[in-house]
Amino acid sequence: MTNETFSKVNEQTEKMFMGPTRDYAKLAMDYAEKMIDAQMEAAKTYTDIGMKQARAALEIKDTEALKAYAEEQQKVAKEMSERVKGDAEKVVAMNQDFVNEARKLVESNVKTASEAATPKSK
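In UniProt numbering, the protein residues as written are 1 to 122.
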């Protein structure tokens, strides 16, 4: 085999396998990073809320404070359910973005493979 043949084989390997694999790996890493960031943000928020509520419970000294704490718990529960819903929607959107980007990569790679497989007419 000549150097030209090796160059063509390397070029085709890069174009057909290595490039698409690298592109997908980058997409997957970006997605994983976004998911981890979202999970860490949610965990911190939920932890902060829990700690705030625990501290508030420690401040209960009489029936009026207990009543105020119980009322606050209802508000917190509502806020938490809205937060959980928002976080779930955020994850669904990130999943959809990942699927769409992966689909674009596949379509692009199929097109490239089809063009490479089709003999060029002169």
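Glycine included, every Cβ here is placed at the ideal spot set by N, Cα and C. Since this is a predicted model, take the numbers as computed values, not measurements.
May I have the straight-line CA-CA distance separating Ala57 from Ala93, to the nearest angstrom? Near 36 Å, if we compare the C-alpha coordinates of Ala93 and Ala57.
Let me check understanding here. Comparing Cα to Cα, which of Lys111, Ser114 and Leu105 lies closest to Thr21? For the residues Lys111, Ser114 and Leu105, the minimum Cα distance to Thr21 belongs to Leu105.
Can you give, in chain order, each stretch of the alpha helix (DSSP H) that sits fully within the UniProt domain "Phasin" (10–110) and has at least 4 residues? Here the runs fully enclosed are 19–58.
With distances taken Cα to Cα, identify the nearest neighbour of Tyr46 among Val110, Arg83, Ala102 and Asn95. It is Arg83 whose Cα lies nearest to the Cα of Tyr46.
Whose C-beta lies closer than 6 Å to the C-beta of Lys61 among residues of the same chain, with five residues either side of it excluded? No residues qualify anywhere along the chain.
Taking the alpha carbon of Met35 as the reference point, which residue from Thr118, Phe98 and Ser114 has its own alpha carbon closest? Closest by alpha carbon: Phe98.
Just verifying my parser: in three-state terms, what is the DSSP assignment at Asp5? Asp is not the amino acid found at residue 5; the sequence shown has Thr there. It is helical.
Under 8 Å Cβ to Cβ from Ala113, same chain only, skipping five residues before and after it: list those, please. Closer than 8 Å at Cβ, skipping near neighbours: Met16.
Cα-Cα separation between Met40 and Glu59, rounded to whole angstroms: Those two C-alpha atoms are separated by around 29 Å.
Hey, Ala42 and Asp87: beta-carbon distance below 7 Å or not? The criterion of a C-beta distance shorter than 7 Å is satisfied by Ala42 and Asp87.
Val91 and Ala38 look like a contact to me (Cβ under 8 Å); what is the Cβ gap, rounded to whole Å? At roughly 7 Å, the Cβ-Cβ gap stays under 8 Å, so Val91 and Ala38 are in contact.
Rounded to the nearest angstrom, what separates Asp48 and Val76 at their Cα positions? So the two alpha carbons sit approximately 12 Å from each other.
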